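As given, the protein sequences belong to chains F and X, one line each in that order. Take 1 as the starting number for the first sequence in our numbering and just add one per residue. Take 113 as the starting number for the second sequence in our numbering and just add one per residue. I have placed the structure first, in the form of structure tokens, so that the comments after it can refer back to it.
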Amino acid sequence: EADIYQTPRYLVIGTGKKITLECSQTMGHDKMYWYQQDPGMELHLIHYSYGVNSTEKGDLSSESTVSRIRTEHFPLTLESARPSHTSQYLCASREGWNQPQHFGDGTRLSIL
Amino acid sequence: DQQVKQNSPSLSVQEGRISILNCDYTNSMFDYFLWYKKYPAEGPTFLISISSIKDKNEDGRFTVFLNKSAKHLSLHIVPSQPGDSAVYFCAASAGSGGYQKVTFGIGTKLQVIP
């Protein structure tokens, strides 16, 4: 089993709040990813990182930001949550190119 | 513009029979393909993969077939079991080094009926 953890699993919060979604992995993977997925839709990449101090935006425009200060930790932050941010957020990591990604169980975020 | 398409949103199969899940892609640069399984309230779990240099890869009850000329990928599950009931995502990636993008399909929900 992959060792990648996301917290919280579920979050319901009001508009305008600052939110941080946590993602940690214990496999020592350099490559980490954040995806956003709405019901019945494909996973959309919103951020990725190749290693410490490396972060890049993905294909889907997102108002979130990420940081990578430690290899094992890749948090995602929304400075001011809006209802349009309601979605499922999935974190993943992998060892190298042409290797499968290991996913966390996701955070289901609802902004009221 | 979906580059990875799973045209069947759902599939029902009797226990013990074969399940065949299909996936089509449009980007000829894709060279690595994967299948993931997802249970409700969990993240996707890697199932099986195949490189573009092969046309078949087998792992236990799961076999992935790749037809590059048709840009078609399929996952065969034999025999199907009730525990296989889940959403199956097809994914594809291109290139190596730099940023290797992984593109996912929207998934096919498989129900295996006991």
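Ideal Cβ positions, reconstructed from N, Cα and C, are used throughout, including at glycine. All values derive from a computational prediction rather than experimental measurement.
Worksheet item: Mind checking whether lysine 115/X and threonine 215/X have CB atoms under 8 Å apart?
Response: It should be noted that the sequence gives glutamine, not lysine, for residue 115/X. Yes. Within cutoff.
Worksheet item: Taking just the CA atoms, how far does proline 191/X sit from cysteine 23/F?
Response: 36 Å
Worksheet item: In whole angstroms, what is the alpha-carbon distance linking asparagine 179/X and threonine 20/F?
Response: 43 Å
Practice prompt. Kindly give me the distance between the Cβ atoms of aspartate 59/F and methionine 27/F, rounded to whole angstroms, as I take these residues to be in contact under 8 Å.
Written response: No, aspartate 59/F and methionine 27/F are not in contact; Cβ-Cβ is about 25 Å, not under 8 Å.
Fill in: Pairwise C-alpha distance: glutamate 42/F and glycine 219/X
7 Å
Practice prompt. Take valine 125/X and list the residues in its own chain whose beta-carbon comes closer than 6 Å to its own, dropping the five residues that flank it on each side.
Written response: Ser131, Ser192 and Val224
Worksheet item: Are at least three pairs of beta-carbons, each pair with one atom in the region 96-104 of chain F and one in the region 165-179 of chain X, less than 8 Å apart?
Response: no
Worksheet item: Name the chain X residues that come within less than 9 Å of phenylalanine 103/F, Cβ to Cβ?
Response: Tyr148, Lys150, Glu154, Gly155, Pro156, Thr157 and Phe158
Worksheet item: Thinking C-beta only, is glycine 14/F closer than 8 Å to leucine 112/F?
Response: yes
Discussion item. For tyrosine 5/F and proline 152/X, I'd like the C-alpha separation in whole angstroms.
Written reply: 16 Å
Worksheet entry | Closer than 8 Å at the beta carbon, the chain F residues around serine 120/X | What serine 120/X touches in chain F: nothing, since even the nearest Cβ is about 13 Å away.
Worksheet item: What span of residues does the beta strand (DSSP E) with glutamine 115/X cover, start to end?
Response: First-last for glutamine 115/X: undefined, no H or E at that position.
Worksheet entry | Validate contact between the region 30-39 of chain F and the region 53-67 of chain F using beta carbons, cut 8 Å, 3 pairs | yes
Worksheet entry | Neighbour-count burial assignment, threonine 107/F, 16 or more Cβ in a 10 Å radius | buried
Discussion item. Restricting to Cα atoms, I'd like to know which of Cys135/X, Pro156/X and Glu127/X is closest to leucine 187/X.
Written reply: Cys135/X
Discussion item. Among the candidates Trp147/X, Ser181/X, Arg129/X and Phe145/X, whose CA atom is the shortest distance from the CA of proline 194/X?
Written reply: Arg129/X
Worksheet item: Who are the Cβ neighbours of threonine 86/F in its own chain at under 7 Å, not counting the five residues just before and after it?
Response: Leu109, Ser110 and Ile111
Practice prompt. Would you identify the three-state DSSP class for glycine 195/X, choosing helix, strand or coil?
Written response: helix
Fill in: Beta-carbon contacts of arginine 82/F that lie in its chain and below 7 Å, excluding the five residues immediately before and after
Thr15 and Ile111
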